[in-house]
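Residue numbers (our numbering), protein chains in the order written: chain F, 2 to 166; chain Z, 3 to 638.
Here the structure comes first, spelled out in structure tokens, and everything after it is commentary.
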Amino acid sequence: MKTIISKPELCSGCRACEMACSVVHEQQFGSSVSRIRVVKMEHEGLDVPVTCHQCTEPPCMEVCPVDAITRNGKTNAILIDEEECIGCGRCVEACWAGAINFHPDKNMPFVCDLCNGNPQCVDRCPLGALVYEDRNGLAQKKREELALYKGGVVWDKWNKKKEDI
Amino acid sequence: MPAYKPITGRVLRINLSEKTYNIEPLPEKYIKEYLGGRGFNIRRLLDEVPPDIDPLGPDNKLIFGTGPLVGTSFPGQRFNVSAKSPVTGLLGDSNAGGFFCSEMKFAGFDQIIIEGQADERTYIYIYNDRVEFRNANHLWGLDTREGNKELLAELGDNDFQIAIIGPAAENGVKYSGIFTNIVRANARTGMGAVMASKNLKAIALRGTNTIKVENTGKFNRLMRKVFNDIESHPEYESRLLMGTTRLVSSLNAYGMLNTKNHQTGVYKDADMVSGETLARKYNVKNKGCFGCTIPCSRYFKITDGPFKGFHSEGPEFESLAGFTSRILVNDLSLALKAVDLCNRYGMDTIAVSGCVSFAMEIYDRGIITKEDTEGLDLSWGNGEAVLELIEQIKDRRGFGGVLADGSKVAAEKIGKGAIDYAMQVKNSELFLGEPRGIKAYGLGNAVASRGADHLRAEPFFELLEDPELGKKRFGIPESALRLSPKGKGLVVNYFEDWCAIVDALEICKNTFVAMEILPFEAAADLLNAALGWEISAQDLQNIGTRINNAERVYNTMCGLKKEDDTLPKRFIEEPMPEECGPTAGSVFELEPMLEEYYSARGWDPETGVPRLATLKKLNLEEDVSRLKNQGIEVPE
Numbered sequence: 002m003k004t005i006i007s008k009p010e011l012c013s014g015c016r017a018c019e020m021a022c023s024v025v026h027e028q029q030f031g032s033s034v035s036r037i038r039v040v041k042m043e044h045e046g047l048d049v050p051v052t053c054h055q056c057t058e059p060p061c062m063e064v065c066p067v068d069a070i071t072r073n074g075k076t077n078a079i080l081i082d083e084e085e086c087i088g089c090g091r092c093v094e095a096c097w098a099g100a101i102n103f104h105p106d107k108n109m110p111f112v113c114d115l116c117n118g119n120p121q122c123v124d125r126c127p128l129g130a131l132v133y134e135d136r137n138g139l140a141q142k143k144r145e146e147l148a149l150y151k152g153g154v155v156w157d158k159w160n161k162k163k164e165d166i
Numbered sequence: 003m004p005a006y007k008p009i010t011g012r013v014l015r016i017n018l019s020e021k022t023y024n025i026e027p028l029p030e031k032y033i034k035e036y037l038g039g040r041g042f043n044i045r046r047l048l049d050e051v052p053p054d055i056d057p058l059g060p061d062n063k064l065i066f067g068t069g070p071l072v073g074t075s076f077p078g079q080r081f082n083v084s085a086k087s088p089v090t091g092l093l094g095d096s097n098a099g100g101f102f103c104s105e106m107k108f109a110g111f112d113q114i115i116i117e118g119q120a121d122e123r124t125y126i127y128i129y130n131d132r133v134e135f136r137n138a139n140h141l142w143g144l145d146t147r148e149g150n151k152e153l154l155a156e157l158g159d160n161d162f163q164i165a166i167i168g169p170a171a172e173n174g175v176k177y178s179g180i181f182t183n184i185v186r187a188n189a190r191t192g193m194g195a196v197m198a199s200k201n202l203k204a205i206a207l208r209g210t211n212t213i214k215v216e217n218t219g220k221f222n223r224l225m226r227k228v229f230n231d232i233e234s235h236p237e238y239e240s241r242l243l244m245g246t247t248r249l250v251s252s253l254n255a256y257g258m259l260n261t262k263n264h265q266t267g268v269y270k271d272a273d274m275v276s277g278e279t280l281a282r283k284y285n286v287k288n289k290g291c292f293g294c295t296i297p298c299s300r301y302f303k304i305t306d307g308p309f310k311g312f313h314s315e316g317p318e319f320e321s322l323a324g325f326t327s328r329i330l331v332n333d334l335s336l337a338l339k340a341v342d343l344c345n346r347y348g349m350d351t352i353a354v355s356g357c358v359s360f361a362m363e364i365y366d367r368g369i370i371t372k373e374d375t376e377g378l379d380l381s382w383g384n385g386e387a388v389l390e391l392i393e394q395i396k397d398r399r400g401f402g403g404v405l406a407d408g409s410k411v412a413a414e415k416i417g418k419g420a421i422d423y424a425m426q427v428k429n430s431e432l433f434l435g436e437p438r439g440i441k442a443y444g445l446g447n448a449v450a451s452r453g454a455d456h457l458r459a460e461p462f463f464e465l466l467e468d469p470e471l472g473k474k475r476f477g478i479p480e481s482a483l484r485l486s487p488k489g490k491g492l493v494v495n496y497f498e499d500w501c502a503i504v505d506a507l508e509i510c511k512n513t514f515v516a517m518e519i520l521p522f523e524a525a526a527d528l529l530n531a532a533l534g535w536e537i538s539a540q541d542l543q544n545i546g547t548r549i550n551n552a553e554r555v556y557n558t559m560c561g562l563k564k565e566d567d568t569l570p571k572r573f574i575e576e577p578m579p580e581e582c583g584p585t586a587g588s589v590f591e592l593e594p595m596l597e598e599y600y601s602a603r604g605w606d607p608e609t610g611v612p613r614l615a616t617l618k619k620l621n622l623e624e625d626v627s628r629l630k631n632q633g634i635e636v637p638e
């Protein structure tokens, strides 16, 4: 199953993802209603986009007292059922990534829903710092990078070779 | 939680003397006739800040303004800070990117006005509509970085945006700025000095509201086109890699890189300090302003030499060339250190490097000696002396004290013809291009409403070297040729109006003017989708013209004369040296260009005062009486 994976080494910290997210879900622009947030630590030069990791054993789901948290059958995204949810906040406490926020108007939790398989934050990111990818796909890409590194071949040479073929 | 419109219509007015604040409506006239940030701010100055006040006294007002596209998905957002300038004595106005601008909108404000003078060192805490006056004794003396870090820790919320001044402002250095996100600088015209005069160390701002555009679907569609236009632009890759630092090598190749205080346009060591070298040696990753599609700032880490391990963000072209070619320093890492010191102490890098290059030239010519500099060897290229001089300027001590008010003021103190080597206009230091090589830029600097400045016009057009285009746009083929004086008055007139709109929208000139991503038509479409207006491209252009004329009126009231619209005589009298290749032999023909510009603007050719008809056409009639009250004749 695919998840949103962030690559802080490519992130410019611009927060365009927050605007893309908030407008698609709320028809307004604002970080406070975005399901993805960029943690910026200017003194360390760090920009790290954080959103739901779509855990295999989600702590939020385990602690929900009313079973309001389920998964989307198609994308496997964590879903919070607004009808069932009582707004107790235990999911926020349980989430290790800080990916669940409370909505400033509704005073209810909200979380990334993977835009039903077409995440708009990933689509908007100008630098490829966000990817929507299967974890095994990510592992495979890392293996390939390692192989190139170990073989002493850099990407651009590799690509050139591919062009020659 | 309110969802505000893209123009929130709300102004936060803070009085430091009274420790009071209120939230008031933004007048409809401001919205319809001035559009945003820079426009709002000049209208506010005209309405509320009399021209004869002391820029560093309690009657000056420090005005933060942002624009209608800020707080949306628009890429690369900005804000203006304005007041009467202690550097020029005229309009003070500075513009910066980063994240303070969007936070202002999420707090719900188009404009924040700071009045009076606090009786103790203060920082202002703003959380949406909540405002508190807090003691800043523990922050006073800290540099912009330390202060930022301290405040964020104290507030316990990393999402606060901090606008802060450094020790230079506290010590009364005229060209000190206001700093956000560590290196984002509202640097020009001394807004930091104004802030310090109010006993205000910082503003900590946090906004958690949202912005709702009128027609979301249409706005999103238009935005997608903007993103695509940027990403498919031929300069996309090089701007992404180097930002404006790419100009070091490209201007050098044309023989028009400010070198040795404008004595030549070629720097033999340019390759050692170029944007390419910086990218190759030290770049870590890109950094961007709010929502940017082409984040052209870079995080760097120095990996060799005495500054090994030092890391920060930036620099852009002006700062990089300022501390390299301008003063003949070929040590890249030392230049990065010099830029960092200016940022930490809170000073304008263009002004500091301009004053240093002025000092080096008069030292070289024997106008000053080691006796004047208290032993400091100001020979060209002496990097260590540059770092020491920055410390002295910050403290207003030693020879640094002489330079801390600008090169013109320093030259007047020094005498002995030093003024000929002060490369400034209206006491504001010149940029890092060469006016004799790019004449529309030169003219732009001569007439800019905030003193020497390349960003009031940013006439990139003249670098296209396309006579057909020159003919098509301005009816004069030569207007598109960088070395020709012909048509440059028209070019500057047009681009100043465009830049005024971009500054009112509070977006990025690199992308939207230099790369020409957002012509007036496209800007009008976006605004109409965002605000539900029916504004035309021509309406927008008129607003740009109005902003420029309003600024001219303010400056005229502050005492600006036609003689002030000039460049130092070096540019007018000394041809570019032989070594400058394609720019060799060029001089700056001020008079014909100025005449054409005044005529295009509808200003009197003898006095430079806007004509009555011009002001009437722009609905600036109320300001005519203001001019007349100052005893200024407004020609028919």
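Each residue gets a CB set at the ideal place from its N, CA and C atoms; glycine is no exception.
(request) Quick one: which unbroken alpha helix (DSSP H) runs of 4-plus residues sit fully inside the segment 68 to 127 of chain F? Chain order, please. (result) 91 to 95, 121 to 125
(message) Leu-620(Z) and Lys-69(Z) - do their beta-carbons sit closer together than 7 Å?
(response) Checking the sequence shown, residue 69(Z) turns out to be Gly, not Lys. No.
(message) List, in chain order, every chain F residue whose beta-carbon is nearer than 9 Å to that of Asn-285(Z).
(response) Here the premise fails: no neighbours, minimum Cβ distance about 12 Å.
(request) Have a look at Trp-605(Z) and Glu-464(Z) and give me their C-alpha separation to the nearest angstrom. (result) 24 Å
(message) Going by beta-carbon coordinates alone, are Val-132(F) and Ile-6(F) separated by less than 7 Å?
(response) yes
(request) Apply the 10 Å Cβ neighbour rule to Ala-148(F) and answer buried if 16 or more other Cβ atoms are within range, or exposed otherwise. (result) exposed
(message) Quick check on the DSSP output: the beta strand (DSSP E) that includes Ile-116(Z) runs from which residue to which?
(response) 113 to 117
(request) Check the Cβ of Ala-5(Z) against every Cβ in chain F and list those closer than 7 Å, keeping chain order. (result) Gln-29
(request) Examine chain Z for any beta-carbon lying closer than 7 Å to the beta-carbon of Glu-205(F), and answer yes or no. (result) For chain F, the structure presents residues 2 to 166; residue 205(F) sits outside this window and is missing.
(request) Locate the alpha helix (DSSP H) running through Leu-157(Z), then write down its first and last residues. (result) 146 to 157
(request) List the whole-angstrom C-beta distance separating Cys-357(Z) from Ile-304(Z), where the pair is believed to meet the contact cut-off of C-beta under 8 Å. (result) So it is not a contact: roughly 25 Å between Cβ atoms.
(request) Could you pull out every residue in the same chain whose Cβ sits closer than 6 Å to the Cβ of Val-67(F), ignoring the five residues on either side in sequence? (result) Glu-85, Ile-87
(message) Within a Cβ cutoff of 6 Å, which residues of the same chain sit near Tyr-36(Z), ignoring the five residues on either side of it in sequence?
(response) Phe-42, Arg-45
(message) Ignoring anything shorter than 3 residues, give me the beta strand (DSSP E) runs that lie fully in the segment 75 to 140 of chain Z, in order along the chain.
(response) 81 to 86, 93 to 98, 113 to 117, 124 to 129, 132 to 137
(request) Decide yes or no for the touch test of the segment 3 to 21 of chain Z against the segment 201 to 217 of chain Z: beta carbon pairs closer than 8 Å, at least 3 of them. (result) yes
(request) At 4 residues or longer, and completely inside the segment 481 to 566 of chain Z: list those alpha helix (DSSP H) runs for me, N to C. (result) 490 to 507, 522 to 533, 539 to 559
(message) I want to see whether chain F comes within less than 7 Å of His-313(Z), judged by CB atoms only; does it?
(response) yes
(request) Run down chain F in chain order and give the residues with a C-beta less than 7 Å from the C-beta of Phe-476(Z). (result) Chain F residues near Phe-476(Z): none, gap ~34 Å exceeds 7 Å.
(request) Spatial neighbours of Asn-17(Z) within its chain, please: CB distance less than 6 Å, with the 5 preceding and 5 following residues excluded, ordered by chain position. (result) Glu-117, Gly-118
(request) Note down, in chain order, every chain Z residue with its Cβ under 9 Å from the Cβ of Val-93(F). (result) Going along chain Z, no residue has its Cβ under 9 Å from Val-93(F), so there is no contact; the nearest lies around 16 Å.
(message) Between the alpha carbons of Ser-87(Z) and Glu-216(Z), how many angstroms are there, rounded?
(response) 37 Å
(request) Would you tell me roughly how many angstroms separate the C-alpha atoms of Asn-530(Z) and Arg-603(Z), rounded to the nearest one? (result) 28 Å
(request) At 8 Å on the CB atoms, spell out the chain F contacts of Phe-102(Z), in chain order. (result) Here the premise fails: no neighbours, minimum Cβ distance about 12 Å.
(request) Report buried or exposed for Ile-25(Z), applying the criterion of at least 16 other Cβ atoms within 10 angstroms of its Cβ. (result) exposed
(request) Output yes or no for whether 7 Å exceeds the beta carbon distance between Leu-93(Z) and Arg-452(Z). (result) yes
(request) Kindly list the residues whose CB is nearer than 8 Å to the CB of Leu-389(Z), restricted to its own chain and excluding five residues on each side of it in sequence; keep chain order. (result) Leu-336, Lys-339, Ala-340, Leu-343
(message) Does any residue of chain F have a CB that is nearer than 7 Å to the CB of Cys-294(Z)?
(response) yes
(request) Could you tell me whether the Cβ of Ser-234(Z) comes closer than 7 Å to any Cβ of chain F? (result) no
(message) Check for me: the alpha helix (DSSP H) holding Gln-394(Z) runs from which residue to which?
(response) 385 to 397
(message) I'd like the list of long-range same chain contacts for Leu-144(Z), defined as Cβ closer than 7 Å, with 5 residues on each side in sequence excluded.
(response) Glu-152
(message) The beta strand (DSSP E) that contains Leu-14(Z), what's its start and end?
(response) 12 to 17
(request) Mind checking which residues open and close the alpha helix (DSSP H) that includes Arg-346(Z)? (result) 334 to 347
(message) Looking at chain Z, is there any beta carbon in it that lies within less than 7 Å of the beta carbon of Pro-60(F)?
(response) no
(message) By the DSSP assignment, the alpha helix (DSSP H) with Met-578(Z) in it spans what residues?
(response) Here Met-578(Z) belongs to no alpha helix (DSSP H), and DSSP marks it neither H nor E.
(request) Can you check the segment 11 to 77 of chain Z for any alpha helix (DSSP H) of at least 4 residues that lies completely inside it and give the ranges in chain order? (result) 30 to 36, 39 to 50
(request) Decide yes or no for the touch test of the segment 291 to 302 of chain Z against the segment 261 to 271 of chain Z: beta carbon pairs closer than 8 Å, at least 3 of them. (result) no
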